[in-house]
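Numbering (our numbering), first residue to last: 1 to 172. Here the structure is laid out as C-alpha cells; the discussion comes afterwards.
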C-alpha cells in the first residue's frame, strides 16, 4: 500500500520513523520553551512544524500526537488535551487539504500560516470558558494574544521549513 492510499500517509517503517521524529520534535520544542508554550499569551514555537502539513499528510498525524502529549503538561488540564489537540487536528487537516490546490510553495506556506492563525479562536474559546471573567472580553483578548503568537511562530516555522525544503524533499 502506498502513502497515497493510506489514510494517515504512513505506509512503511521509513514513513513511521519520519512521523515519530516530527512528533518527538514537537514535544521537545514545546517543553524546552514550556514557559511560553501554554496559557493565554503563548508562543509555542513547535507550532512552526504545522507547516509540514503542506508536504505530506503523515505530518498531520505526527504533529497532532506531539500536541496531545505536550498538552498533558498544560495548566488547562485534560480539557486542553481534547480541545487544544482537536484544534490542531482541524487546522492541520484544513492546511493539508487547502494547500493541495495551490501550486506555489511560498503561497502554500502563507496559506498554512493564515489557516493556523485563524483556528486559534478554538483555543481562545477554551481559555475564555475556563476563565473566571466575562466570556467575550476574555475570548477576544485570548484570541488576539494566541493568534499573534501563532502567526509569529508559524511564520518563523514557514521560513525554516521553506529553507529546509530547498535541500530535502519533504513530500517523500
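Ideal Cβ positions, reconstructed from N, Cα and C, are used throughout, including at glycine.
Residue span of the alpha helix (DSSP H) that contains residue i, given as start and end
i, result
"residue 70", "58 to 71"
"residue 15", "13 to 32"
Buried versus exposed call for residue i [16 or more other C-beta atoms within 10 Å across all chains shown]
i, result
"residue 132", "exposed"
"residue 91", "buried"
"residue 72", "exposed"
"residue 50", "buried"
"residue 82", "exposed"
"residue 168", "exposed"
"residue 158", "buried"
"residue 134", "exposed"
"residue 63", "buried"
"residue 56", "buried"
"residue 2", "Residue placement at residue 2 is poorly supported in this model, since its pLDDT is 48, which falls under 50; the coordinates are not used for a value here."
"residue 163", "exposed"
"residue 58", "buried"
beta-carbon residue i near the ligand SAM non-hydrogen atom, thresh 7 Å
i, result
"residue 118", "What this structure holds is no ligand at all, so the ligand SAM is not there to describe."
Stretch pair the segment 37 to 47 + the segment 70 to 80: three plus CB contacts closer than 8 Å: Yes: at least three Cβ pairs fall under 8 Å.
The segment 136 to 143 touching the segment 106 to 116, judged by at least three CB pairs closer than 8 Å: Segment contact: the segment 136 to 143 against the segment 106 to 116, fewer than three CB-CB distances shorter than 8 Å; contact not assigned.
Length at least 4, wholly inside the segment 71 to 143: the alpha helix (DSSP H) runs in chain order: You should have 78 to 98, 105 to 118, 120 to 130.
Touch test, the segment 93 to 105 against the segment 125 to 139, Cβ-Cβ under 8 Å, three pairs minimum: Judged by Cβ distances under 8 Å, the segment 93 to 105 makes no contact with the segment 125 to 139, as fewer than three pairs qualify.
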